[in-house]
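Notes follow the structure.
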Amino acid sequence: GAVVSQHPSRVICKSGTSVKIECRSLDFQATTMFWYRQFPKKSLMLMATSNEGSKATYEQGVEKDKFLINHASLTLSTLTVTSAHPEDSSFYICSARADDPPGTEAFFGQGTRLTVV
Amino acid sequence: GQQVMQIPQYQHVQEGEDFTTYCNSSTTLSNIQWYKQRPGGHPVFLIQLVKSGEVKKQKRLTFQFGEAKKNSSLHITATQTTDVGTYFCAGPRQGAQKLVFGQGTRLTINP
Chain A
150 GAVVSQHPSR VICKSGTSVK IECRSLDFQA TTMFWYRQFP KKSLMLMATS NEGSKATYEQ
210 GVEKDKFLIN HASLTLSTLT VTSAHPEDSS FYICSARADD PPGTEAFFGQ GTRLTVV
Chain B
13 GQQVMQIPQY QHVQEGEDFT TYCNSSTTLS NIQWYKQRPG GHPVFLIQLV KSGEVKKQKR
73 LTFQFGEAKK NSSLHITATQ TTDVGTYFCA GPRQGAQKLV FGQGTRLTIN P
């Protein structure tokens, strides 16, 4: 089945530094990918929609300058958490749905557990 | 805005007991999807329901989509320890590819 690979799975960084998370669709093309944030024992909160070749669209309340998204190709989207602070510590997950044939199910990456110290 | 509510938030059962989680949307859905997230893992697609009143079965799991296409349920018969995890329903946001997820129901099982 379709696979979405997310890297790194865990990262610890110092406050004030930036962290880049990659999301790759391994065997299908995805014009659109989605980035979620999940707090412990909570649901998935959509942060932004990553669009290949154009700007990402952010959900209300999500700072676009804080969470930079780049969708450089049909198989790769990156999320950069800039000037990270402890409150940014969370589980970040990407998902993608196939362009062709038009996919229905969302495939999720393994997630990235970010800890800012 | 569009909301998807899911109950209960938590459910603890003895192994062998049945389990049901319910999902309600504030708006009519074109389809509804169900995902399972194991502890420490990522959500994995289980099924999609599209038709009003649709019922689908996967072994011990039974999924239903309401007649009004605003609610759905997942029922597990005779739970096993492998069923442990959080079950999420999700519906497409109106006119978009985005999915709106319910809060999830976390199932724990006493062996």
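Protein sequence lines correspond, in order, to chains A and B. All residue numbers for the first sequence refer to the working numbering, where the first residue is 150 and numbers rise by one. All residue numbers for the second sequence refer to the working numbering, where the first residue is 13 and numbers rise by one. Don't be surprised by glycine CBs; every beta carbon is placed ideally from N, CA and C. Small disclaimer: the values here were computed from a predicted structure and weren't measured.
Note that the C-beta distance between residue 198 of chain A and residue 217 of chain A is not below 7 Å.
At a Cβ-Cβ threshold of 7 Å, residue 59 of chain B and residue 75 of chain B count as neighbours.
At a C-beta separation below 8 Å, residue 202 of chain A has no neighbours in chain B, since its nearest C-beta there lies roughly 16 Å away. For residue 172 of chain A, the closest of A:266, A:250 and A:256 by C-alpha to C-alpha distance is A:256. Residue A:208 holds the alpha-carbon nearest to the alpha-carbon of residue 183 of chain A among A:250, A:151 and A:208.
If you look at residue 156 of chain A, you'll find it in the beta strand (DSSP E) that goes 153-156. Residue pairing by DSSP places residue 89 of chain B opposite no residue, since no beta bridge is assigned to it. The way I'd put it, the stretch 53-71 of chain B doesn't touch the stretch 19-26 of chain B; fewer than three beta-carbon pairs between them come closer than 8 Å. Judged by DSSP secondary structure, residue 24 of chain B falls within the beta strand (DSSP E) whose first and last residues are 22-26. Residues of chain B with a Cβ closer than 7 Å to the Cβ of residue 258 of chain A are, in chain order, 54.
Under the Cβ distance rule, residue 193 of chain A counts among the residues neighbouring chain B, one pair being separated by less than 7 Å.
Here residue 192 of chain A is not near residue 31 of chain B, since their CB atoms are 7 Å or more apart. The residue among B:38, B:35 and B:100 with its C-alpha nearest the C-alpha of residue 48 of chain B is B:100.
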